[in-house]
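*Asks:* Dropping the structure in here first, questions after.
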Amino acid sequence: MIKAAKKGFRAFLGFEEGAVLASADVAKKVSFLAVGRFIYAMVDWVIAAGLGSFSFWMQARGCSTWEVFLGTAAYDTIAAAILFYASDATNCDFTLGQSLRRLADSFSQNGFVGKISAGMLLFAACVKAILWEGPEVICFLFQKELGKKANLWIALVVLSAVQGVFGTWLYTTGYGLWNKLGAQFSSHYVLLGVATFFAFVLASMLVSWMAKWAVVATQWLHTTRRLAIASGVVWTVVIVLAIVWS
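So my numbering is basically just the index in the sequence shown, starting at one, shifted up by 1.
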């Protein structure tokens, strides 16, 4: 278990297996990822706030659900494309898509339990990406399978449309509830945008927590096969319920 954890740690940070790790190199790598991740998180919050305000603005202008979906999907596609290109061009894995894939590949080399751990990790990362972070994470997770750049960009557009479906449902539902409360967009548009943003955050927070706990659970899964199977079933059910509930 300790050996597998060390191997996974090396893979996550992108160090070659068997390479001698100096403390300075590890600290530099971790710091680089941490700074990039912090900036990415802040940008994500700004994008979410912008999307919520944009969606509510479209509905206030009388746009149909189909038009709101097209606008939301286009917004998601542009945002994801910019983030994907920025990560690829700077060679900074601030989405952690490549790092998590290396970690999952490392887990999968540890037999049946390792494959369950890897599957749970990838599943949790994909769910969190669709509901919060963005399709660029999934493109990096499955970059090897997608292969050519053209396939990556096609996948990005398709996944953005999938995320757009969720965003459209969330924001049209939120806007409908807001109207039932008698709010007037023309005089409360700032408050409306803030409320939309927090509605999205609250709807995504539970799934985000489940994803984080699932990542922690993958380390625990290396105890026994029986516990691994039981944990895999429980976490799958919990994540599915969280998605349905949100």
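All residues carry an ideal CB built from backbone N, CA and C; glycine is no exception. Given the structure is predicted, the values throughout are model-derived calculations rather than measurements.
(1) Check the C-beta distance from Leu97 over to Arg11 and give it rounded, since I have them as a contact under 8 Å.
(2) In the region 86-127, which residue ranges form an unbroken beta strand (DSSP E) of at least 3 residues, counting only runs that do not cross its ends?
(3) To the nearest angstrom, how far is it from the Cα of Phe143 to the Cα of Lys181?
(4) With DSSP run on the structure shown, which of helix, strand or coil describes Ser56?
(5) Do Phe55 and Tyr41 have their C-beta atoms closer together than 8 Å?
(6) Going by DSSP in three states, Cys64 sits in which element: helix, strand or coil?
(7) Below 8 Å on the Cβ atoms is my contact criterion, and I expect Ala168 with Thr73 to pass it. Report the Cβ-Cβ distance as a whole number of Å.
(8) Return the first residue and the last residue of the alpha helix (DSSP H) that Phe143 is part of.
(9) In terms of alpha-carbon separation, which member of Glu68, Phe95, Ala82 and Asp45 lies closest to Ala151?
(10) Determine whether the beta carbon atoms of Leu100 and Phe33 lie at a separation below 8 Å.
(11) Could you round the C-beta distance between Phe113 and Leu122 to whole angstroms and report it? I think they count as a contact, below 8 Å.
(12) Taking Val158 and Thr78 to be in contact with their CB atoms under 8 Å, please state how far apart those CB atoms are, rounded to whole angstroms.
(13) How big is the Cα-Cα spacing for Cys64 and Phe70?
(14) Are Val138 and Ala125 closer than 8 Å when you measure CB to CB?
(15) Could you have a look at Lys8 and say whether DSSP puts it in helix, strand or coil?
(16) Going by the CB atoms, is the gap between Ala119 and Cys140 shorter than 8 Å?
(17) Can you give me the Cβ contacts of Thr173 inside the same chain, cut-off strictly under 7 Å, excluding the 5 residues immediately before and after it?
(18) Let me make sure I understand the geometry here. Which of Trp133, Val163 and Gly165 has the alpha-carbon closest to that of Val47?
(19) Pick out whichever of Asp106, Trp58, Trp179 and Lys29 has its Cα sitting closest to the Cα of Lys145.
(20) Under the three-state reduction of DSSP, which class applies to Gly135: helix, strand or coil?
(21) Quick check on the DSSP output: the alpha helix (DSSP H) that includes Lys149 runs from which residue to which?
(22) Please go through the same chain and pick out, in chain order, the residues whose beta-carbon is closer than 8 Å to the beta-carbon of Val44, but skip the five residues on each side of it.
(23) List the whole-angstrom C-beta distance separating Leu153 from Pro136, where the pair is believed to meet the contact cut-off of C-beta under 8 Å.
(24) What number of angstroms, rounded off, separates the C-alpha of Leu171 from the C-alpha of Asp89?
*Replies:* The short version:
(1) The residue given as residue 97 occupies position 96 in the sequence shown. The residue given as residue 11 occupies position 10 in the sequence shown. Not confirmed; about 16 Å, so no contact.
(2) none
(3) Counting from 1 along the sequence shown, the entry for residue 143 is found at position 142. Counting from 1 along the sequence shown, the entry for residue 181 is found at position 180. Each residue's Cα considered, the two are about 43 Å apart.
(4) Translated into the one-based positions of the sequence shown, residue 56 becomes position 55. If DSSP states are grouped into helix, strand and coil, Ser56 belongs with the helices.
(5) Residue numbering aside, residue 55 sits at position 54 when the sequence shown is read from its first letter. Residue numbering aside, residue 41 sits at position 40 when the sequence shown is read from its first letter. Result no, Cβ atoms of Phe55 and Tyr41 do not sit closer than 8 Å.
(6) As a working mapping, residue 64 is identified with position 63 in the sequence shown. Three-state result, Cys64: coil.
(7) Locating residue 168 in the sequence shown gives position 167, where the first residue counts as 1. Locating residue 73 in the sequence shown gives position 72, where the first residue counts as 1. First, the residue type needs correcting, since residue 168 is Gly and not Ala in the sequence shown. Indeed, because the Cβ distance is near 5 Å, the residues count as touching under 8 Å.
(8) As a working note, residue 143 is residue 142 in the sequence shown. Note, Phe143: premise wrong, no alpha helix (DSSP H); not H, not E.
(9) If you number the sequence shown from 1, residue 151 lands on position 150. Minimum Cα distance to Ala151 is reached at Ala82.
(10) As a position in the sequence shown, residue 100 is number 99, starting the count at 1. As a position in the sequence shown, residue 33 is number 32, starting the count at 1. Checking the sequence shown, residue 100 turns out to be Ser, not Leu. No, Cβ-Cβ distance for Ser100 and Phe33 is not below 8 Å.
(11) Walking along the sequence shown from the start, residue 113 turns up at place 112. Walking along the sequence shown from the start, residue 122 turns up at place 121. Wrong, their Cβ atoms sit about 15 Å apart, outside the cutoff.
(12) Position 157 of the sequence shown, counting from 1, holds the residue named residue 158. Position 77 of the sequence shown, counting from 1, holds the residue named residue 78. Yes, they are in contact, since the Cβ atoms of Val158 and Thr78 sit about 6 Å apart, within 8 Å.
(13) Looking up residue 64 in the sequence shown gives position 63. Looking up residue 70 in the sequence shown gives position 69. Looking at the two C-alpha atoms, the distance is approximately 10 Å.
(14) Numbered from 1 along the sequence shown, position 137 holds the residue referred to as residue 138. Numbered from 1 along the sequence shown, position 124 holds the residue referred to as residue 125. Going by C-beta atoms, Val138 is not nearer than 8 Å to Ala125.
(15) Taking the first residue of the sequence shown as position 1, residue 8 is located at position 7. Three-state DSSP puts Lys8 in a helix.
(16) Along the sequence shown, one-based indexing puts residue 140 at 139. Along the sequence shown, one-based indexing puts residue 119 at 118. No, Cβ-Cβ distance for Cys140 and Ala119 is not below 8 Å.
(17) Against the sequence shown, residue 173 aligns to sequence position 172. Apart from the 5 residues on each side of it in sequence, Thr173 sits with its Cβ closer than 7 Å to the Cβ of Gln60, Thr66 and Val69 in its chain, given in chain order.
(18) Residue numbering aside, residue 47 sits at position 46 when the sequence shown is read from its first letter. Among Trp133, Val163 and Gly165, the Cα nearest to that of Val47 belongs to Trp133.
(19) If you number the sequence shown from 1, residue 145 lands on position 144. With distances taken between Cα atoms, Lys145 lies closest to Asp106.
(20) Numbered from its first residue, the sequence shown carries residue 135 at position 134. Three-state DSSP puts Gly135 in coil, outside helix and strand.
(21) In the sequence shown, counting from the first residue as 1, residue 149 sits at position 148. Element bounds for Lys149: n/a, residue is neither H nor E.
(22) Taking the sequence shown and counting its residues from 1, one reaches residue 44 at position 43. Correct list, in chain order: Leu84.
(23) Residue numbering aside, residue 153 sits at position 152 when the sequence shown is read from its first letter. Residue numbering aside, residue 136 sits at position 135 when the sequence shown is read from its first letter. Not really, about 10 Å apart at Cβ, beyond 8 Å.
(24) Along the sequence shown, one-based indexing puts residue 171 at 170. Along the sequence shown, one-based indexing puts residue 89 at 88. Computed Cα separation, rounded: 30 Å.
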